[in-house]
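Oh and the sequence shown: position 293 is 280 in the numbering used here, straight run, nothing missing.
Note that CB positions come from ideal geometry on N, CA and C, so glycine has one too.
Nothing here was measured: the structure is a model prediction, and the numbers come from that model.
Notes to accompany the following structure.
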Amino acid sequence: MRVLVTGAGGQLGTALRRVSGERRVGNDRSGGDEWLFTDVVEAAGTTVGLNITDREAVKEFFEWWRPDVVVNCAAFTDVDRAETEREAAFRVNRDAPRFLAEAAVRLGAALIHISTDFVFDGNGRNADGGFIERSRPYAEDDTPAPLNVYGESKLAGEKAVMESGVRGVVVRTSWLYSPWGKNFVKAIMRVAAERDEIRVVGDQSGCPTSAMSLAEAIAELATAAAVVLPTPAQLYHFCDAGVVSRADFADEIIRQAGIECRVVPVTSAEYPSAAKRPMFSALDTSKITRDFGIAPRPWREPLAECLKELKNGR
Ligand SMILES: NC(=O)c1ccc[n+]([C@@H]2O[C@H](COP(=O)([O-])OP(=O)(O)OC[C@H]3O[C@@H](n4cnc5c(N)ncnc54)[C@H](OP(=O)(O)O)[C@@H]3O)[C@@H](O)[C@H]2O)c1
């Protein structure tokens, strides 16, 4: 099986590189699978250059390397910046997945595309259609209603993939963190180390997810892709198990890291940001467990593993 990874320099791509056991480019045959890692910026010896917004480049690349499975980890992920860079966000999050799907269809390859909990608005509805506070995790057939440009562009990407007729899956995940790149865990560690008290939003709840957990799930899907992935692509949710507020997540990060710092929960209104975020975006993962036997771990365990790596300076 030949697995092509895009956006390999990001959090998930890096985790997937680790999980696949691949450190060299394109010549590992352990377990019979060959993985190739690409990103918009080439890194000599480890990552091949592939800008997925370049339709012709994608087509030529696919015809050259002929992947069996493509894992799209590339995305425009800066939620606040997307508000002012709408076109760029849609190019990467909507158009590029369409180019990948088209090229995959041509070759008969499968596509594993990643999406987000931010396709949801966090509102519950009562029997009359009025708004109520939501507390039930979102299932794949719940209606999306993004609150921000990032969510809109990711939703458009999901649709582009599923309407292409490609074989594969669209995996929505949430609150991704890792020892690499920019994320909530690293930001909290940094500020908590400098202050006695930090203010963290307490009225947004979701499922923190380790990029390593998601990479394990994706590697399982990728290596089984030839046999089991559906046509056309279907939606699945994957996140680590457990629902928590951002403030409680911060509290646990600080507790596990052994840092002396108090978390003061504040409201979203007291902590304004360019993009509006859902108050509740937990994902129900029972479908991926039922169909693929992939069972998420309680979120505190992978968090401990991430913090251990950060402590060891990796
Ligand atoms: N981060 C989260 O909290 C979160 C939550 C839910 C869902 N997700 C989804 O999970 C997936 C992985 O997220 P992540 O946190 O690993 O993202 P990330 O760390 O931001 O990595 C994305 C990678 O894609 C690359 N990229 C951007 N434009 C590209 C292009 N035109 N061609 C090729 N590569 C390009 C980026 O390169 P540059 O850095 O050079 O731009 C970066 O290396 C994404 O689909 C994201 O939407 C993330």
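| task | Verify the contact flag: V79, CB atom, against every heavy atom of ligand 1, threshold strictly below 7 Å. | result | Here residue 79 corresponds to residue number 92 of the sequence shown, with the count starting at 1. Yes.
| task | To the nearest angstrom, report how far apart V(-8) and N59 are at their CA atoms. | result | Numbered from its first residue, the sequence shown carries residue -8 at position 5. Numbered from its first residue, the sequence shown carries residue 59 at position 72. Taken atom to atom, the span from the alpha-carbon of V(-8) to that of N59 is near 6 Å.
| message | With H, G and I counted as helix, E and B as strand and the rest as coil, what does DSSP make of S200? | response | Your numbering for residue 200 matches position 213 in the sequence shown. S200 carries a helical assignment under DSSP once its states are collapsed to helix, strand and coil.
| message | When you compare the CB positions of A291 and Q243, do they come within less than 8 Å of one another, or not? | response | Stepping through the sequence shown from its first residue, residue 291 is reached at position 304. Stepping through the sequence shown from its first residue, residue 243 is reached at position 256. Taking 8 Å as the Cβ cut-off, A291 and Q243 qualify as a contacting pair.
| field | Sequence-distant residues of its chain with Cβ nearer than 6 Å to P252 (five each side left out) | value | Numbered from its first residue, the sequence shown carries residue 252 at position 265. Non-local beta-carbon contacts of P252 in its own chain, meaning distances under 6 Å to residues more than five positions away in sequence, involve G189, A234 in chain order.
| task | Taking only heavy atoms of ligand 1 into account, decide whether any of them is closer than 7 Å to the Cβ of W162. | result | For the purposes of this step, residue 162 is taken as the residue at position 175 of the sequence shown. W162: yes, Cβ under 7 Å from ligand 1.
| task | Please go through the same chain and pick out, in chain order, the residues whose beta-carbon is closer than 6 Å to the beta-carbon of R10, but skip the five residues on each side of it. | result | Within the sequence shown, the letter at position 23 stands for residue 10. Because the pLDDT at R10 is just 31, under 50, the model does not fix this residue reliably, and the value given afterwards should be weighed accordingly. Same-chain partners within the cutoff: there are none.
| Where does P289 sit, in a helix, a strand or coil, going by DSSP? | Translated into the one-based positions of the sequence shown, residue 289 becomes position 302. Here P289 carries a helix assignment [DSSP, helix/strand/coil].
| message | Restricting to Cα atoms, I'd like to know which of C226, E288, F279, P289 is closest to L270. | response | Residue mapping note: residue 270 aligns to position 283 of the sequence shown, counting from 1. It is C226.
| query | So V230 and C194 are in contact, right, with Cβ under 8 Å, and what is the actual spacing, rounded? | reply | Start at 1 with the first residue of the sequence shown, and residue 230 comes out as number 243. Start at 1 with the first residue of the sequence shown, and residue 194 comes out as number 207. Indeed they touch by this definition, with Cβ atoms about 6 Å apart.
| request: Return the CA-CA distance between T254 and K263, expressed in angstroms with no decimal places. | output: As a position in the sequence shown, residue 254 is number 267, starting the count at 1. As a position in the sequence shown, residue 263 is number 276, starting the count at 1. Using only the alpha carbons, I get a separation of about 13 Å.
| field | Where A2 sits in the DSSP three-state scheme | value | The residue you call residue 2 lines up with position 15 of the sequence shown. Shown here, A2 sits in a helix according to DSSP, grouped into three states.
| Rounded to the nearest angstrom, how far is the Cβ of R78 from that of T40, given a contact under 8 Å? | Against the sequence shown, residue 78 aligns to sequence position 91. Against the sequence shown, residue 40 aligns to sequence position 53. Yes, they are in contact, since the Cβ atoms of R78 and T40 sit about 5 Å apart, within 8 Å.
| task | May I ask you to check if the CB of V106 is nearer than 7 Å to at least one heavy atom of ligand 1? | result | The count along the sequence shown starts at 1 and reaches residue 106 at position 119. Flag unset: Cβ of V106 not near ligand 1.
| query | Between which two residues does the beta strand (DSSP E) carrying V66 extend? | reply | On the sequence shown, residue 66 is found 79 positions in, with the first residue counted as 1. V66: not part of any beta strand (DSSP E); member of the alpha helix (DSSP H) spanning 66 to 69, first to last residue.
| task | Specify whether the segment 149 to 163 and the segment 84 to 100 touch according to this definition: at least 3 beta carbon pairs, one from each stretch, less than 8 Å apart. | result | A contact exists between the segment 149 to 163 and the segment 84 to 100.
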